[in-house]
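Visitor:
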Amino acid sequence: MDREELSVAVTEEKYLEVNVRSHLILPFREDLRLLGFITSRQLPYRRTGDRVWVAGRLTLVHTPPTKSRIRVMFITLEDEFGLIDLVLLPEKQSLYARKLLSNLLCLCRGKVRRLGKGDVSLVVEELMDVKEFYRRIRKSRTS
Amino acid sequence: MFVHLRVRSGYSFLFGAFTLKALLEKVKELGMDSIALTDRNGLYGAVKFYQLCRKEGIKPVIGMEAPFEDGSLIVLLAKDFSGYKNLCRLISKVNLHSKGTLSLKLLHDYSGGIYCLTGGREGKIWRLITLGKVKEAEKFSLELKSIFWERLFIEVQNHGLKGDREMMEALISLSRRLRIPPVATNSVTFLKKEDFQIHRILVEIQRVIHHRKVYPLPSDQFYLKTKKEMKKAIAFSEPIENAAALARSINLHLPLGKLHPPGNPAEEFLRLSRLCYQNLSRKYRFLPAEVIKRLDHELSLIKERGYSSYFLVAHHIFEFARSKGIRCSIRGSAAGSLVSYLLFGGIDPIEHGLLFERFLNDGRFDPPDIDLDFDSERREEVMAYTLERYEGKAALVATIPTFRARSALREIGRTFGYSYPEISELTRFVPYHLSPSDIPEALRRLPELSDSPLQDEHKLIELAFKLDGLPRQLSVHLGGVVISEELADLVPLELSPRGFPLSQYDKDDLEALGITRFDLLGLRMHTAISKTLAYLQSKGIELDLESIPLDDCKTYELLRSTETVGVFQVESPGQRQLLGRLQPRTFSDIVIEISLFRPGPMEAKMIDPYLKRRSGKEAISYPHPSLKPILKETYGVLIFQEQVLRVIQELTGLGLDWADDFRRSMKANRPREEMEALKEKFVSACLGNGIDKELAEEVWRQVSAFASYGFCKAHAACFAIITYQSAYLKANYPLEFYLGLLNSGPVGSYPHRVILNEARRRFPVFPPHVNFSDYGYKEENGGIRVGFSVIKGLGPKMAARIIKERNSRGPFLSLPEFERRTRIPARTVEALLQASAFEGVEEGSLWTERSFQLPLLRRSIWK
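If you're matching them up, the sequences are chains D and G in order. Per my numbering, the first sequence starts with residue 34, numbered consecutively. Per my numbering, the second sequence starts with residue 2, numbered consecutively.
#1: Reducing DSSP to helix, strand and coil, say where G:T416 ends up.
#2: Measure the Cβ-Cβ separation of G:I608 and G:R614 and say whether it is below 8 Å.
#3: Assign G:C329 to one of three DSSP states: helix, strand, or coil.
#4: Quick one: give me the first and last residue of the alpha helix (DSSP H) that G:K304 is part of.
#5: Do you know offhand how far G:C213's Cα is from G:N42's?
#6: When you compare only the Cα positions, how much space is there between G:A246 and G:E123?
#7: So is D:R50 in contact with chain G if we call contact Cβ pairs under 8 Å?
#8: Just to check my reading of the structure: G:L108 and G:I148 have Cβ atoms closer than 8 Å, yes? What is that Cβ distance to the nearest angstrom?
#9: Since D:R146 is in the beta strand (DSSP E), which residue starts that stretch and which ends it?
#10: Since G:E781 and G:L736 should fall inside the 8 Å C-beta cutoff, what is the C-beta to C-beta distance between them, to a whole number of angstroms?
#11: Do the CB positions of G:R518 and G:S377 come within less than 8 Å of each other?
#12: Would you verify that the beta carbon of D:E37 is, or is not, closer than 8 Å to some beta carbon of chain G?
#13: Can you give the Cα-Cα distance for G:V592 and G:A529, rounded to whole angstroms?
#14: Between D:D64 and chain G, is any beta-carbon pair separated by less than 8 Å?
#15: Expressed to the nearest angstrom, what Euclidean distance is found between the alpha-carbon atoms of G:R754 and D:D112?
#16: Is the segment 96–108 of chain G touching the segment 158–174 of chain D, taking contact as three or more C-beta pairs under 8 Å?
#17: If you check the beta carbons only, do G:F321 and G:F345 fall under 8 Å apart?
#18: Quick one, which residues of the segment 588–612 of chain G are near chain D if we go by CB-CB under 7 Å, in chain order?
#19: G:E392: which of G:L646, G:T653, G:E144, G:V482 sits nearest, CA to CA?
#20: Check the Cβ of G:H527 against every Cβ in chain D and list those closer than 9 Å, keeping chain order.
#21: Between which two residues does the beta strand (DSSP E) carrying G:A1 extend?
#22: What do you get for G:F3, buried or exposed, if any count of 16 or more other CB atoms within 10 angstroms of its CB means buried?
#23: Secondary structure at G:C54, three-state DSSP: helix, strand or coil?
#24: According to DSSP, simplified to helix, strand and coil, what is G:F764?
#25: With G:P263 and G:Y311 assumed to form a contact (beta carbons below 8 Å), what rounded beta-carbon distance in angstroms separates them?
#26: Could you work out which residues of chain D lie near G:S705, taking near to mean beta carbons separated by less than 8 Å?
#27: In angstroms with no decimal places, state the Cα-to-Cα distance between G:D196 and G:T186.
#28: Using a 10 Å radius around the Cβ and a threshold of 16 neighbouring Cβ atoms, would you call G:N265 buried or exposed?
#29: Starting from the C-beta of G:E70, find all residues in its chain whose C-beta is less than 7 Å away, skip the five residues before and the five after it, and write them out in chain order.
#30: Quick one: is D:S154 near chain G, going by C-beta distance under 8 Å?
#31: Straight-line CA distance for G:M603 to G:L597?
#32: On the DSSP letters alone, give me the boundaries of the beta strand (DSSP E) that G:P61 sits inside.
#33: Tell me the rounded alpha-carbon separation between G:S476 and G:V492.
#34: Would you list the one or two residues that DSSP bridges to G:N252?
#35: I'd like to know if D:Q126 contacts chain G, where contact means its C-beta is closer than 8 Å to some C-beta of that chain.
#36: Looking at the strands, I want to know which residues DSSP matches up with G:Y116.
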């Protein structure tokens with residue numbers, strides 16, 4: 034974790050409405066990169082069905098009403114390069130909805146879904162927050 | 002028979018504890034055939050109440066509780082329509098010119114056709130007698146009698162409280178002495194005794210949240226009592242009989258369904274025609290006969306319906322905005338009219354195949370609806386002008402929101418004494434759109450609420466449930482303005498928080514009364530575009546967005562790339578994804594994209610067939626060759642309502658008026674039998690037109706499935722123009738467009754953070770700085786200088802102080818000097834420091850603009 038970058042990001046979060054010099058994901062980028070997380074810039078080059086890890090700041094959550102009353106959550110994350118669209122299907126909501134809505138930063142593994150040129154999204158399979166991410170790192174290091 | 006003449010519903014905001022629907026159910030259950038509605042300070046629920054009563058076969062009595070300056074009340078009931086008109090005029094007069102309090106003089110001026118009840122325990126007479134001032138009570142009663150004569154009644158009540166029985170006798174005696182008839186009432190505020198707790202909670206909300214000095218009623222006896230219970234409470238028969246007799250004598254009929262347009266339609270038709278023909282020569286270089294024929298057809302229907310003045314008023318408002326440089330446009334089905342095109346510009350309906358009949362036709366009798374969008378920041382200028390220009394005939398439209406789950410939980414939580422953090426925790430994850438009655442199901446269904454502390458708050462949830470459907474307050478509708486010659490007689494008014502006349506009725510009530518409404522809406526994208534154009538103009542680039550070509554390559558490239566954050570209507574995740582799949586190449590593609598991304602088309606699964614046919618993955622087919630010209634644009638898929646109309650017209654041989662009437666009857670949830678009847682009607686019309694039965698039934702299957710889902714093309718085309726314009730600006734002038742977006746408040750789906758981050762990937766972004774920043778964002782050295790507005794806790798006033806000081810006495814050279822010169826509070830200085838707004842200033846060293854920017858430019862991560 035880049036502590037200097039983290040301090041800038043936290044200060045901006047506290048005092049400003051926007052990011053001027055840092056992005057909330059930047060302090061963690063090096064750790065994320067080492068663990069194989071990809072960025073929004075790399076995502077469009079992944080094939081349908083690929084499983085990838087991404088991380089970003091929670092930006093939009095949309096749960097449109099449906100006639101069938103099945104609730105699908107459409108989520109948009111933002112990293113330092115752009116937007117990442119996620120779909121959280123009902124069967125995963127019991128595990129991750131609360132976690133998703135309670136955290137500013139969200140790290141998730143998903144399956145790439147591509148319905149057309151420029152239309153790439155991830156169907157969420159696993160989701161975690163930053164604390165859990167570092168807990169896992171520590172655990173893997175000790176083992 | 003007994004009739005309750007004093008009834009306060011939920012429209013006595015945060016006091017009355019029941020909805021109108023619940024009231025009428027209870028009235029029917031008690032076998033009563035008439036009931037009054039007398040809410041505090043106005044007639045807010047009167048039209049809905051009148052309509053519901055008529056539907057349920059109950060005789061409505063409409064009135065109100067009116068307060069005098071000393072806080073005492075009287076009850077006024079409309080005897081007939083003239084009384085209703087006087088009530089409206091009186092309410093408006095009191096609210097607009099007398100600071101909300103009634104005087105005997107005003108009562109005298111507007112007493113015709115009105116019954117007056119003396120106000121019971123909240124009335125002045127009761128108060129005076131309680132204080133032993135019987136003579137004064139007599140004097141006041143006689144003053145009222147001199148105004149209302151035989152239409153004055155002394156209100157007798159008994160709620161079983163100490164002194165009520167004695168007071169009842171005193172009032173009966175007064176009534177006999179002064180020859181003023183007594184009438185029994187119960188000040189109904191809740192429907193059942195046990196609902197007293199709802200009333201108490203509502204009053205507590207007023208006290209705790211709105212800090213009002215109000216008190217709950219003293220007992221649970223203010224409920225809708227049966228005749229037997231009333232007889233038991235009131236020991237005299239005369240007041241009971243008088244209540245029923247008074248209700249019987251009321252003969253009020255509201256003229257619902259009759260249109261009351263502004264101005265004199267007959268006189269104004271000539272002006273409208275002249276205006277249209279004048280503009281015709283400006284819009285069309287060559288005039289095809291088709292255009293003249295269509296204009297003639299539209300004008301004759303407008304004349305027949307008496308809508309000329311409506312169009313002229315809308316045009317007048319539009320012209321005012323244009324003359325002041327306020328960006329404006331038309332939206333909705335009105336854009337399908339040639340008359341609208343000639344008056345308001347926009348899309349040529351003939352070129353784009355838009356239909357007048359979707360907007361107005363022989364079978365449609367609802368008032369026309371022209372919605373105008375204005376630059377959000379300047380819309381109030383338009384509102385103010387309209388209200389001033391049509392003074393006495395114009396008012397803002399009200400909206401009366403009901404309790405939502407979150408508001409109910411939060412407000413009741415406050416009355417329970419919970420702290421703000423506790424309430425935030427309780428309502429965390431409760432969706433915004435939920436009704437209070439949905440809370441139990443949401444707690445069961447939504448996983449994020451599974452271990453919410455709300456799960457244990459049974460009492461809170463139970464009380465919130467009981468607030469479901471109750472009106473909270475009178476608010477101002479987003480953009481509605483009503484203008485009518487009859488406004489003063491039909492609509493009670495009060496002052497809006499910004500001092501404009503505001504109707505006490507919502508848009509549905511006004512429509513029922515036939516008052517014409519104009520929606521003058523604010524569109525932030527217009528603000529962003531206006532600002533972008535101003536930045537361009539300041540650089541010497543004069544851009545006329547109305548005349549840019551609709552085939553700009555860079556614009557379509559941008560749309561196809563799905564990098565559309567900030568572009569009107571196509572920036573949400575779903576729309577970006579659809580853009581990626583659709584890969585738009587023409588203006589028509591944008592219209593289709595906007596139409597497809599709607600709940601109806603998505604629910605009807607129109608997107609996949611359209612995209613497959615477009616990309617050649619599915620064969621294009623038409624139900625009948627004659628439908629090819631109509632459906633060719635959308636590869637045989639019914640997307641637009643206009644297509645449905647033309648398909649029906651083509652197959653049945655009947656007019657577009659009939660087709661639109663038919664389309665509107667095909668509502669999604671129509672009962673099966675009614676749909677069968679419609680099918681029969683359609684098939685027989687097709688047979689009459691020489692179409693075989695099999696084909697007619699097949700087309701029926703498709704049309705009936707899509708008719709209620711299709712989107713209005715005229716509406717989509719209006720939006721598509723703004724989509725194209727914003728995409729054009731983003732593609733060709735990105736820096737200015739970002740500045741326009743960032744300086745226009747919240748525009749679209751994304752917060753400024755996301756827009757600024759995107760901008761930073763293309764341009765340098767400089768932090769706020771005491772020596773360079775303005776309040777908003779500005780261009781600096783080919784990049785964006787962030788303004789003071791992003792610093793939490795630094796408002797426009799403080800920012801203005803910094804800028805003024807800097808402009809008048811030069812830049813700040815050190816932190817102490819800044820503090821001395823601006824006298825900004827330490828907390829804000831701390832925020833500025835943390836935001837790096839003093840970079841280079843603290844040392845007092847010789848700095849230059851460049852010395853701040855270089856380190857930031859080097860941050861390659863953003864490139």
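Note that the Cβ used here is the ideal one computed from N, Cα and C, for glycine as well. Predicted, not measured: the structure shown is a model, and the values here were computed from it.
Guide: Result, derived from the coordinates:
#1: Position 415 of the second sequence, counting from 1, holds the residue named residue 416 of chain G. It is helical.
#2: As a first step, residue 608 of chain G must be located in the second sequence, where it is residue number 607. As a first step, residue 614 of chain G must be located in the second sequence, where it is residue number 613. No, the pair does not count as a contact, with Cβ atoms beyond the cut-off.
#3: Locating residue 329 of chain G in the second sequence gives position 328, where the first residue counts as 1. G:C329: strand per DSSP, three-state reduction.
#4: As a working mapping, residue 304 of chain G is identified with position 303 in the second sequence. G:K304: member of the alpha helix (DSSP H) spanning 290–306, first to last residue.
#5: Numbered from 1 along the second sequence, position 212 holds the residue referred to as residue 213 of chain G. Numbered from 1 along the second sequence, position 41 holds the residue referred to as residue 42 of chain G. A small correction: the amino acid at residue 213 of chain G is Arg; Cys does not occupy that position in the sequence shown. G:R213 and G:N42 have their C-alpha atoms spaced approximately 16 Å apart.
#6: One-based indexing of the second sequence puts residue 246 of chain G at position 245. One-based indexing of the second sequence puts residue 123 of chain G at position 122. G:A246 and G:E123: Cα-Cα distance of roughly 23 Å.
#7: Stepping through the first sequence from its first residue, residue 50 of chain D is reached at position 17. What sits at residue 50 of chain D in the sequence shown is Glu, not Arg. Yes, its Cβ sits closer than 8 Å to a Cβ of chain G.
#8: As a first step, residue 108 of chain G is located in the second sequence; it is residue number 107 there, counting from the start. As a first step, residue 148 of chain G is located in the second sequence; it is residue number 147 there, counting from the start. Right, the Cβ-Cβ distance comes to about 5 Å (below 8 Å), so this counts as a contact.
#9: Here residue 146 of chain D refers to the residue found at position 113 when the first sequence is read from its first residue. D:R146 -> beta strand (DSSP E) spans 138–149.
#10: The residue labelled residue 781 of chain G in the question sits at position 780 within the second sequence. The residue labelled residue 736 of chain G in the question sits at position 735 within the second sequence. Contact doesn't hold; Cβ gap of about 11 Å is too wide.
#11: Position 517 of the second sequence, counted from the start, is the residue given in the question as residue 518 of chain G. Position 376 of the second sequence, counted from the start, is the residue given in the question as residue 377 of chain G. Going by C-beta atoms, G:R518 is not nearer than 8 Å to G:S377.
#12: One-based indexing of the first sequence puts residue 37 of chain D at position 4. Chain G contact via Cβ: absent.
#13: As a first step, residue 592 of chain G must be located in the second sequence, where it is residue number 591. As a first step, residue 529 of chain G must be located in the second sequence, where it is residue number 528. The alpha-carbon of G:V592 is positioned some 21 Å away from that of G:A529.
#14: Position 31 of the first sequence holds residue 64 of chain D. No, D:D64 lies away from the interface with chain G (no Cβ there is under 8 Å from its Cβ).
#15: Position 753 of the second sequence, counting from 1, holds the residue named residue 754 of chain G. Position 79 of the first sequence, counting from 1, holds the residue named residue 112 of chain D. Computed Cα separation, rounded: 11 Å.
#16: Put simply, the segment 96–108 of chain G does not touch the segment 158–174 of chain D. Fewer than three CB pairs are less than 8 Å apart.
#17: Counting from 1 along the second sequence, the entry for residue 321 of chain G is found at position 320. Counting from 1 along the second sequence, the entry for residue 345 of chain G is found at position 344. Not closer than 8 Å, so no.
#18: So the list reads E604, given in the order they occur along the chain.
#19: To locate residue 392 of chain G, count along the second sequence from 1; it is residue 391. Per the Cα distances, G:V482.
#20: Indexing the second sequence from 1 puts residue 527 of chain G at position 526. Result: empty, since nearest Cβ-Cβ is about 23 Å, beyond 9 Å.
#21: Residue 1 of chain G is absent from the structure shown; chain G starts at 2 and stops at 864.
#22: As a first step, residue 3 of chain G must be located in the second sequence, where it is residue number 2. With 16 or more Cβ atoms within 10 Å of its Cβ, G:F3 is classed as buried.
#23: Taking the second sequence and counting its residues from 1, one reaches residue 54 of chain G at position 53. In this structure, G:C54 counts as helix in the three-state DSSP scheme.
#24: The count along the second sequence starts at 1 and reaches residue 764 of chain G at position 763. G:F764: coil per DSSP, three-state reduction.
#25: Within the second sequence, the letter at position 262 stands for residue 263 of chain G. Within the second sequence, the letter at position 310 stands for residue 311 of chain G. About 7 Å separates the CB atoms of G:P263 and G:Y311; that is less than 8 Å, so the two are in contact.
#26: In the second sequence, the residue the question calls residue 705 of chain G occupies position 704. Ordered by position in chain D, no residue passes the 8 Å Cβ test against G:S705, which lies about 17 Å from the chain.
#27: Taking the second sequence and counting its residues from 1, one reaches residue 196 of chain G at position 195. Taking the second sequence and counting its residues from 1, one reaches residue 186 of chain G at position 185. C-alpha separation (whole angstroms): 19 Å.
#28: By one-based count along the second sequence, residue 265 of chain G stands at place 264. With a 10 Å radius around the Cβ and a threshold of 16 neighbouring Cβ atoms, G:N265 comes out exposed.
#29: Counting from 1 along the second sequence, the entry for residue 70 of chain G is found at position 69. The beta carbon of G:E70 sits closer than 7 Å to the beta carbons of T102 from its chain, once the five residues preceding and following it are set aside; these are given in chain order.
#30: Locating residue 154 of chain D in the first sequence gives position 121, counting from the first residue. Chain G, which has a Cβ nearer than 8 Å to the Cβ of D:S154, makes this yes.
#31: Residue mapping note: residue 603 of chain G aligns to position 602 of the second sequence, counting from 1. Residue mapping note: residue 597 of chain G aligns to position 596 of the second sequence, counting from 1. For G:M603 and G:L597, the distance between alpha carbons rounds to 7 Å.
#32: Translated into positions along the second sequence, residue 61 of chain G becomes position 60. First-last of the beta strand (DSSP E) with G:P61: 60–68.
#33: Here residue 476 of chain G corresponds to residue number 475 of the second sequence, with the count starting at 1. Here residue 492 of chain G corresponds to residue number 491 of the second sequence, with the count starting at 1. Taking the straight line joining both Cα atoms gives about 16 Å.
#34: Locating residue 252 of chain G in the second sequence gives position 251, counting from the first residue. G:D81.
#35: The sequence position of residue 126 of chain D within the first sequence is 93, counting from 1. Any Cβ of chain G closer than 8 Å to the Cβ of D:Q126 would place that residue at the interface, and such an atom is present.
#36: Here residue 116 of chain G corresponds to residue number 115 of the second sequence, with the count starting at 1. For G:Y116, which the question treats as bridged, DSSP gives the partners G:L78.
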